[in-house]
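> In our numbering, the protein residues as written are 931 to 1239.
Before we start, here is the structure in question, set down as structure tokens.
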């Protein structure tokens, strides 16, 4: 039986689903810092596919919306060919996760989508003119302001600063000890981890918990993160011809009831350029729409297509 498959390939988790079927398979996510991103992503996709595959299934098309989108054509071709070899897919389409997020979240094809995970994915499309703008998504070394790694890194830095006297006391210090061991050896322990970026990003949830509990340092970090996110959305929105511009937030870090989402909502409410809207779906939904052939032409420019034929 021929099936089409969508994949949401993030740094924390890889999620896979078959068009028209319930259920989502998951594998460990992939970041550039983990090693050969192509090999790791192919292994993660193959693992997820094995979880949901039925004996009679043959993949016609698999669409990967990925954080680690290769920047050059040869690497994209290598990735697509390897995914095909691992899954038997006849067609492999590659696209950045900002694109699948936009397609999944905004059925009108107009506005800004901002995905907050380990890093940032932000894409704006003006439905009238077809203009497109990407903002940030530059990775943890150079950007991704306000994302989970950014928050976790600032939380751990605050814990270290409180320990050595450079900063104010914070409950994040005890939380860091509980997670990573003594503050004296915290830096060495984090650098020695197999996936340090992922571990630091996971600490963002701790920072948000302590912000909710009233720790002033944690609250300041979350407030600054929200400011970064709103600035990113505002920069993207400049190409959209509407007033206000709809913005959809995606990602667990900005889920309902989180301190970070509350701060973003408060900041957006203080200006008139943006308006937050409920996302109709997420990146996996967008990947599934692409796989089913239901995507509007506006998204074609982003696709890298590969076929065995």
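Don't be surprised by glycine CBs; every beta carbon is placed ideally from N, CA and C.
Please read these numbers as outputs of a predicted model, since none were measured by experiment.
Establish whether the CB of residue 960 and some CB of chain D are separated by less than 7 Å.
Within the model displayed, chain D is absent; a lone protein chain is all it includes.
> With distances taken from CA atoms, which of 1010, 1063, 1023 and 1027 is nearest residue 1042?
On the chain shown, residue 1042 is found 112 positions in, with the first residue counted as 1. Checked all of 1010, 1063, 1023 and 1027; the closest Cα to residue 1042 is 1063.
> Quick one: what does DSSP say residue 1026 is sitting in, helix, strand or coil?
As a working mapping, residue 1026 is identified with position 96 in the chain shown. Looking at residue 1026 - three-state DSSP - the assignment turns out to be strand.
> Thinking C-alpha only, which one of 1092, 1183, 1040 and 945 is nearest residue 1080?
Translated into positions along the chain shown, residue 1080 becomes position 150. Comparing Cα-Cα distances from residue 1080 to each of 1092, 1183, 1040 and 945, the minimum goes to 1183.
> To the nearest angstrom, how far is the alpha carbon of residue 1114 from that of residue 1106?
Numbered from 1 along the chain shown, position 184 holds the residue referred to as residue 1114. Numbered from 1 along the chain shown, position 176 holds the residue referred to as residue 1106. Using only the alpha carbons, I get a separation of about 11 Å.
> Going by C-alpha distance, which of 956, 1134 and 1007 is nearest residue 1084?
Counting from one through the chain shown, the residue named residue 1084 turns up at place 154. With distances taken between Cα atoms, residue 1084 lies closest to 1134.
> The beta strand (DSSP E) that contains residue 995, what's its start and end?
For this step, residue 995 is matched to residue 65 along the chain shown. Counting along the chain, the beta strand (DSSP E) containing residue 995 begins and ends at 988-996.
> Considering only DSSP beta bridges, list what residue 1052 is partnered with.
Indexing the chain shown from 1 puts residue 1052 at position 122. For residue 1052, which the question treats as bridged, DSSP gives the partners 1044.
> Our contact map puts residue 1053 next to residue 1028 with C-beta atoms below 8 Å; I'd like the distance itself, whole angstroms only.
Numbered from 1 along the chain shown, position 123 holds the residue referred to as residue 1053. Numbered from 1 along the chain shown, position 98 holds the residue referred to as residue 1028. Sure, about 4 Å apart at Cβ, within 8 Å.
> With DSSP run on the structure shown, which of helix, strand or coil describes residue 1021?
Indexing the chain shown from 1 puts residue 1021 at position 91. It is a strand residue.
> My guess is that residue 1180 and residue 1194 are in contact by the Cβ rule of under 8 Å, so how many angstroms apart are they, rounded?
Start at 1 with the first residue of the chain shown, and residue 1180 comes out as number 250. Start at 1 with the first residue of the chain shown, and residue 1194 comes out as number 264. Contact flag wrong, Cβ pair sits at about 12 Å.
> Put residue 1176 into one of helix, strand or coil per three-state DSSP.
Mapped onto the chain shown, residue 1176 falls at position 246. Three-state DSSP puts residue 1176 in a strand.
> What span of residues does the alpha helix (DSSP H) with residue 1123 cover, start to end?
Locating residue 1123 in the chain shown gives position 193, where the first residue counts as 1. Residue 1123 -> no alpha helix (DSSP H), and no H or E assigned at all.
> What does DSSP give as the partner residue(s) for residue 1139 in the beta ladder?
By one-based count along the chain shown, residue 1139 stands at place 209. According to DSSP, residue 1139 bridges with nothing at all.
> So is residue 1122 buried or exposed if we call it buried at 16+ other beta carbons inside 10 Å?
As a working note, residue 1122 is residue 192 in the chain shown. Exposed, by the Cβ-count rule.
> Given that a residue counts as buried once 16 or more other Cβ atoms are within 10 Å of its Cβ, and exposed if not, what is residue 1239?
The residue given as residue 1239 occupies position 309 in the chain shown. Residue 1239 comes out exposed.
> Measure the C-alpha to C-alpha separation of residue 1030 and residue 1094 and round it to an integer number of angstroms.
Within the chain shown, numbered from 1, the residue matching residue 1030 stands at position 100. Within the chain shown, numbered from 1, the residue matching residue 1094 stands at position 164. Computed Cα separation, rounded: 44 Å.
> What residues are listed by DSSP as bridge partners for residue 956?
The residue you call residue 956 lines up with position 26 of the chain shown. Residue 956 is bridged to 945.
> Starting from the N-terminal side, write out each stretch of the beta strand (DSSP E) that is 3 residues or longer and does not extend beyond the region 1144-1210.
The region 1144-1210 contains these whole beta strand (DSSP E) runs: 1175-1180 and 1204-1207.
> Go ahead and pull the three-state DSSP assignment for residue 1006.
Your numbering for residue 1006 matches position 76 in the chain shown. If DSSP states are grouped into helix, strand and coil, residue 1006 belongs with the helices.
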